Amino acid sequence: MRTHLARLGGMVVSPVETLQSLARGEGDSKEMFLWSVVVAAAAAPTRFGQAILLARTDLVAGLLDLVRVLAERFGGALIGCLAASVVAFVFERRRSAESRIGFDRIFDITTFMLVPHFSLIAVGVLASQLGLELWFLPHRLPKGPVTIVAIRLVVAYVWSVGLFAVFLKLRSNPTQEAA
0 MRTHLARLGG MVVSPVETLQ SLARGEGDSK EMFLWSVVVA AAAAPTRFGQ
50 AILLARTDLV AGLLDLVRVL AERFGGALIG CLAASVVAFV FERRRSAESR
100 IGFDRIFDIT TFMLVPHFSL IAVGVLASQL GLELWFLPHR LPKGPVTIVA
150 IRLVVAYVWS VGLFAVFLKL RSNPTQEAA
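Under numbering that gives the first Met the number 0, the first residue of the sequence shown is numbered 0, with each subsequent residue one higher.
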């Protein structure tokens, strides 16, 4: 059985094997929640720290502020995961009943497809801390002219969309056994 860190690295190094192991039941979307918190804290340390300080005085307000920071950073990605999960679930209906995987497993797989997105955010944060501002990386919230926003969104999500296409290709044969 693969460890959590092996699955994270596997999404970048050997995505087909990792997608197959996720389809077999290894990994869980809850594992990715921890990484979303860590990446959000790295990308927006001031906002994250303010939310933690607020939670010390008013727990509910602080937790709501933490949720706001996470939603601001990853709301679009989470909506994309849900949409991809629905598409994959409908696609999965073509398979025989014994080789299908359920919606919860599909959602787990699509959340792991965000690993490249999180990696790009981490690289952008690290480069920023070293004084090198790579404007096209998704470590800053997308704003500015439409072309700049479009470039940043493509850079942020093209790898994840590619992983989704690979997953659909792996699951495309309705008669093959579960991946």
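Just so you know, even glycine gets a beta-carbon here, dropped at the ideal spot from N, CA and C. These numbers come from a predicted model, not from an experiment.
In chain order, what residues of the same chain have a beta carbon less than 8 Å from the beta carbon of residue i, not counting five sequence neighbours either side?
| i | result |
| --- | --- |
| Val154 | Leu119, Phe135, Leu136 and Pro137 |
| Phe47 | Ala39, Ala40, Leu65 and Val68 |
| Ile51 | Gly61 and Leu65 |
| Gly24 | Arg104 |
Between which two residues does the alpha helix (DSSP H) harbouring residue i extend?
| i | result |
| --- | --- |
| His3 | His3 to Val12 |
| Ala107 | It should be noted that the sequence gives Asp, not Ala, for residue 107. Start and end: Phe102 to Phe111. |
| Arg55 | Pro44 to Thr56 |
| Arg151 | Val145 to Leu169 |
| Ser127 | Val114 to Gln128 |
Excluding five sequence neighbours on each side, which residues of the same chain lie with their C-beta closer than 7 Å to the C-beta of residue i?
| i | result |
| --- | --- |
| Thr110 | Ser28, Met31 and Cys80 |
| Phe141 | Looking at the sequence itself, residue 141 is Pro, so the reference to Phe does not match. Taken in chain order, the residues that qualify are Val148, Arg151 and Leu152. |
| Val12 | none |
| Ala83 | Thr109 and Phe163 |
| His3 | Glu30 |
| Ala60 | Leu53 |
| Thr146 | none |
| Thr17 | Arg6, Gly9 and Met10 |
| Val114 | Leu7, Met10 and Val11 |
Once the 5 residues before and after residue i are set aside, which same chain residues still bring their CB inside 6 Å of it?
| i | result |
| --- | --- |
| Ala126 | Leu133 |
| Ala164 | none |
Does residue i come within less than 8 Å of chain B when only Cβ atoms are used?
| i | result |
| --- | --- |
| Asp107 | Included in the structure is just one protein chain, with no chain B present. |
Quick one: measure Cβ to Cβ for residue i and residue j, integer angstroms, because I've assumed they're closer than 8 Å.
| i | j | result |
| --- | --- | --- |
| Leu162 | Met10 | 7 Å |
| Arg72 | Ala39 | 5 Å |
| Leu167 | Ala87 | 7 Å |
| Ala43 | Ile100 | Going by Cβ atoms, the distance from Ala43 to Ile100 rounds to 34 Å, so no, they are not a contact pair. |
| Asp107 | Gly26 | 6 Å |
| Glu185 | Arg170 | An answer regarding residue 185 cannot be provided, because it is not within the stretch 0 to 178 covered by the chain. |
field: Three or more C-beta pairs below 8 Å linking the segment 106–126 and the segment 151–170
entry: yes
Start-end ranges of the alpha helix (DSSP H) lying completely within the segment 11–38, minimum 4 residues: 14–22
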